[in-house]
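Engineer: As numbered in numbering that gives the first Met the number 0, residues 0 to 328 make up the sequence shown, in order.
Don't be surprised by glycine CBs; every beta carbon is placed ideally from N, CA and C.
Please read these numbers as outputs of a predicted model, since none were measured by experiment.
I'd like to ask you about the structure that follows.
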Amino acid sequence: MSVLSGSDILVTGGTGSFGKAFIRHVLDHHDPARVVVFSRDELKQYEVRQMFNDDSRLRWFIGDIRDLDRLRRAMHNVDHVVHAAALKQVDTAEYNPFEYVRTNVAGSQNVIEAAIDTGVQKVVALSTDKASSPINLYGATKLVADKLFVSANHYAAHHPARFAVVRYGNVMGSRGSVIPFFEKLAAQGKSLPITDKRMTRFWISLPAAVKFVVDSFELMQGGELYVPRIPSMRVLDLAEAVAPDAPTHEIGMRPGEKLHEEMISPEEGRRALRLADRYVLQPTIATWGYTPPTDGEPVAADFCYRSDTNDLWMSTDELRAMLAPAKAG
0 MSVLSGSDIL
10 VTGGTGSFGK
20 AFIRHVLDHH
30 DPARVVVFSR
40 DELKQYEVRQ
50 MFNDDSRLRW
60 FIGDIRDLDR
70 LRRAMHNVDH
80 VVHAAALKQV
90 DTAEYNPFEY
100 VRTNVAGSQN
110 VIEAAIDTGV
120 QKVVALSTDK
130 ASSPINLYGA
140 TKLVADKLFV
150 SANHYAAHHP
160 ARFAVVRYGN
170 VMGSRGSVIP
180 FFEKLAAQGK
190 SLPITDKRMT
200 RFWISLPAAV
210 KFVVDSFELM
220 QGGELYVPRI
230 PSMRVLDLAE
240 AVAPDAPTHE
250 IGMRPGEKLH
260 EEMISPEEGR
270 RALRLADRYV
280 LQPTIATWGY
290 TPPTDGEPVA
300 ADFCYRSDTN
310 DLWMSTDELR
320 AMLAPAKAG
């Protein structure tokens, strides 16, 4: 029996790609007592409600993480929280910076405050590879959020709540993914725009991302930042896997975009341990009683985790095999 079995769970941003997959997974495999779906768009909530037939366990809360009082109400009697709500578009953030601060930073602090005030046991917050050595505003707001969730364990030390973060790369099949965009252009016989033919990215499937979060609830003590060991792929190879033999053309990198992504910086690597399926960044100061995992192995002194120097790579055939179930569904 998992820690989520029989518990009351709340998902912020629960109508997004991750939220929908997480809800399906926990309903099918963990038998929660209740799942509260917290999001601000009533149309998306209506659409997602049509996907599930489980009124006995699902609850639907319209609300914005910018609203602390609404979060407190939604978290009443909740045991576990997945914080997936965020503004995420890199280029939009550059044009609307303070809106991203209000949601990704202030909204994250509201989730922390509400979780402590209502007696939540564990919170796992979703981060992004763009939070490591950020060069764009979106990544910078997520880095701040990461630090807020780790530091939350200090002033929650005498409360039940514990907080951890998961950081991973691009999710195949998520809303906004380049994969359906490439498929659409290829079906129209158009050339695929490649930012830079040298570009590499980390990739994870949506089911793998959900499992990683669920497993993190089992492992966490509070204060950890978990990073999965996942493969990299060149964007040019990605285009070939999605649309074989389709023509491509370079368009240059957009504002705030990196040639290669990073999930653990050299500075963060100094406090990283390697586990079987992940790395864990340990908290620098842990006043709440954190102890390192006994099965963690120290990484090399100069360790960093980048998509171009990764030791795991995905071939075009492997990607096609991974995408096949989603297309069939």
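Just the C-alpha distance for GLY138 and GLY255, rounded to the nearest angstrom, thanks.
Structural biologist: On the sequence shown, residue 138 is found 139 positions in, with the first residue counted as 1. On the sequence shown, residue 255 is found 256 positions in, with the first residue counted as 1. Whole-angstrom Cα-Cα distance: 9 Å.
Engineer: Report yes if the CB atom of HIS248 is closer than 9 Å to the CB atom of ASP307, and no otherwise.
Structural biologist: Position 249 of the sequence shown, counted from the first residue, corresponds to residue 248. Position 308 of the sequence shown, counted from the first residue, corresponds to residue 307. Contact: no.
Engineer: Between the alpha carbons of PHE37 and ALA92, how many angstroms are there, rounded?
Structural biologist: By one-based count along the sequence shown, residue 37 stands at place 38. By one-based count along the sequence shown, residue 92 stands at place 93. C-alpha separation (whole angstroms): 23 Å.
Engineer: What did DSSP end up calling SER215 once you bin it into helix, strand or coil?
Structural biologist: The residue labelled residue 215 in the question sits at position 216 within the sequence shown. Helix at SER215.
Engineer: Any idea which residues DSSP pairs MET232 with across the strands?
Structural biologist: The residue labelled residue 232 in the question sits at position 233 within the sequence shown. In DSSP, MET232 forms a bridge with ARG200.
Engineer: Could you give the residue range of the beta strand (DSSP E) that holds ARG389?
Structural biologist: Within the shown structure, residues of the chain are numbered from 0 to 328, placing residue 389 beyond reach of any answer.
Engineer: What does a CB cutoff of less than 6 Å around TRP312 pick up in its chain, not counting 5 residues either side in sequence?
Structural biologist: By one-based count along the sequence shown, residue 312 stands at place 313. The answer, listed in chain order, is PRO230, SER231.
Engineer: Short of 8 Å in beta carbon distance, which residues of its chain neighbour GLU46, apart from the five on each side in sequence? Order them along the chain.
Structural biologist: Counting from one through the sequence shown, the residue named residue 46 turns up at place 47. THR14, listed in sequence order.
Engineer: Going by C-alpha to C-alpha distance, which of PRO159, GLU98, ASP316 sits closest to PRO243?
Structural biologist: As a first step, residue 243 must be located in the sequence shown, where it is residue number 244. Residue ASP316 is the option with its Cα nearest to PRO243.
Engineer: Excluding sequence positions up to five away, which residues of its chain have a Cβ less than 6 Å from the Cβ of THR127?
Structural biologist: Here residue 127 is taken as the residue at index 128 of the sequence shown, counted from 1. These residues qualify, in order along the chain: LYS141.
Engineer: What do you reckon, are the CB atoms on HIS367 and ASP7 nearer than 9 Å?
Structural biologist: What the structure shows of the chain is the stretch from 0 to 328, and residue 367 is not part of that stretch, so it cannot be assessed.
Engineer: Out of ASP53, LEU42, ARG39, point me to the one whose CA is closest to ALA32's CA.
Structural biologist: Position 33 of the sequence shown holds residue 32. Per the Cα distances, ASP53.
Engineer: From the DSSP secondary-structure annotation, give me the bridge partner or partners of PRO192.
Structural biologist: By 1-based counting over the sequence shown, the position of residue 192 is 193. Bridge partners of PRO192: HIS248.
Engineer: Give me the Cβ distance between ASN135 and VAL89, rounded to the nearest whole Å; I'm assuming they're in contact under 8 Å.
Structural biologist: Position 136 of the sequence shown, counted from the first residue, corresponds to residue 135. Position 90 of the sequence shown, counted from the first residue, corresponds to residue 89. Right, their Cβ atoms sit about 5 Å apart.
Engineer: Would the segment 96–106 count as touching the segment 183–202 if we require 3 or more Cβ pairs under 8 Å?
Structural biologist: No, because fewer than three Cβ pairs between the segment 96–106 and the segment 183–202 fall closer than 8 Å, the two stretches do not touch.
Engineer: With distance defined between alpha-carbon atoms, name the residue in SER314, VAL34, LYS43, GLY118 nearest to PHE162.
Structural biologist: Locating residue 162 in the sequence shown gives position 163, counting from the first residue. Here the closest residue by C-alpha is GLY118.
Engineer: What number of angstroms, rounded off, separates the C-alpha of LYS129 from the C-alpha of ASP214?
Structural biologist: Counted from its first residue, the sequence shown places residue 129 at position 130. Counted from its first residue, the sequence shown places residue 214 at position 215. Cα to Cα, LYS129 sits roughly 22 Å from ASP214.
Engineer: Flag ALA163 as yes when its Cβ comes closer than 8 Å to any non-hydrogen atom of the ligand FMN, and as no otherwise.
Structural biologist: What this structure holds is no ligand at all, so the ligand FMN is not there to describe.
Engineer: Could you round the C-beta distance between ILE22 and VAL35 to whole angstroms and report it? I think they count as a contact, below 8 Å.
Structural biologist: By one-based count along the sequence shown, residue 22 stands at place 23. By one-based count along the sequence shown, residue 35 stands at place 36. Not a contact, Cβ separation roughly 10 Å.
Engineer: What are the start and end residues of each continuous alpha helix (DSSP H) run of 4 or more residues lying completely inside the segment 49–118, in chain order?
Structural biologist: Listed in chain order, they are 67–73, 89–94, 96–99, 106–117.
Engineer: I need the boundaries of the beta strand (DSSP E) containing GLU261, first residue and last residue.
Structural biologist: As a position in the sequence shown, residue 261 is number 262, starting the count at 1. Taken as a continuous stretch (DSSP letters only), the beta strand (DSSP E) holding GLU261 covers 261–263.
Engineer: Among ASP68, ALA156, ILE115, LEU26, which has the Cα closest to the Cα of GLY288?
Structural biologist: Start at 1 with the first residue of the sequence shown, and residue 288 comes out as number 289. Of the listed residues, the one whose Cα sits closest to GLY288 is ALA156.
Engineer: Would you call the CB atoms of ASP276 and PRO227 closer than 9 Å?
Structural biologist: The residue you call residue 276 lines up with position 277 of the sequence shown. The residue you call residue 227 lines up with position 228 of the sequence shown. Yes, these two residues count as a Cβ contact at 9 Å.
Engineer: With a Cβ-Cβ cutoff of 9 Å, do GLU112 and LEU70 count as a contact?
Structural biologist: In the sequence shown, counting from the first residue as 1, residue 112 sits at position 113. In the sequence shown, counting from the first residue as 1, residue 70 sits at position 71. Yes, the Cβ-Cβ distance between GLU112 and LEU70 is below 9 Å.
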